[in-house]
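Trainee:
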Amino acid sequence: SLLDVVVNNDLNIEGFGACEGTVTCSTCHVILKPEDFERLPEEASDEERDMLDLAYGLTDTSRLGCQIT
Ligand code: FES
C-alpha cells in the first residue's frame, strides 16, 4: 500500500498513517488525479468510505493511502 511505501522508505510525512493501516484514522488521506483514480484495481470498501467521510478536504478522487495496493 502507499502506507508501506512511506514506512519502508522512511519518508517523514507528519502524522501520516497514525493507525498503521487499521482504517481507524484518516491521516493517510490522498487525493489522486482522476486518471490515476480510475486505474485503481479496487473501489473503496464501506469501512474506508466511512473513514474518508471524516477526512479533511474530501474530493471525488480521495482514497486512504493505506488501502491502495
Ligand atoms: Fe489510518 Fe490509513 S493509516 S486509515
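According to the working numbering, the sequence shown is numbered sequentially starting from 1439.
Cβ atoms here follow ideal geometry from the backbone N, Cα and C, with glycine treated the same way.
#1: How is L1470 classed by DSSP in three states: helix, strand or coil?
#2: On the DSSP letters alone, give me the boundaries of the beta strand (DSSP E) that L1440 sits inside.
#3: Going by DSSP in three states, L1490 sits in which element: helix, strand or coil?
#4: Of the choices S1500, N1450, A1493, P1472, whose alpha-carbon is the least far from that of T1465?
#5: Nearer than 6 Å: is that true of the beta carbon of L1496 relative to any heavy atom of ligand 1?
Mentor: Concretely, from the data shown:
#1: Here residue 1470 refers to the residue found at position 32 of the sequence shown. Three-state result, L1470: coil.
#2: Translated into positions along the sequence shown, residue 1440 becomes position 2. L1440 -> not in any beta strand (DSSP E); alpha helix (DSSP H) instead, spanning 1440–1446.
#3: One-based indexing of the sequence shown puts residue 1490 at position 52. Annotated three-state conformation of L1490 is helix, per DSSP.
#4: By 1-based counting over the sequence shown, the position of residue 1465 is 27. When only C-alpha atoms are compared, the closest one is A1493.
#5: Working through the sequence shown from its first residue, we reach residue 1496 at position 58. Incorrect: L1496 has no Cβ contact closer than 6 Å to ligand 1.
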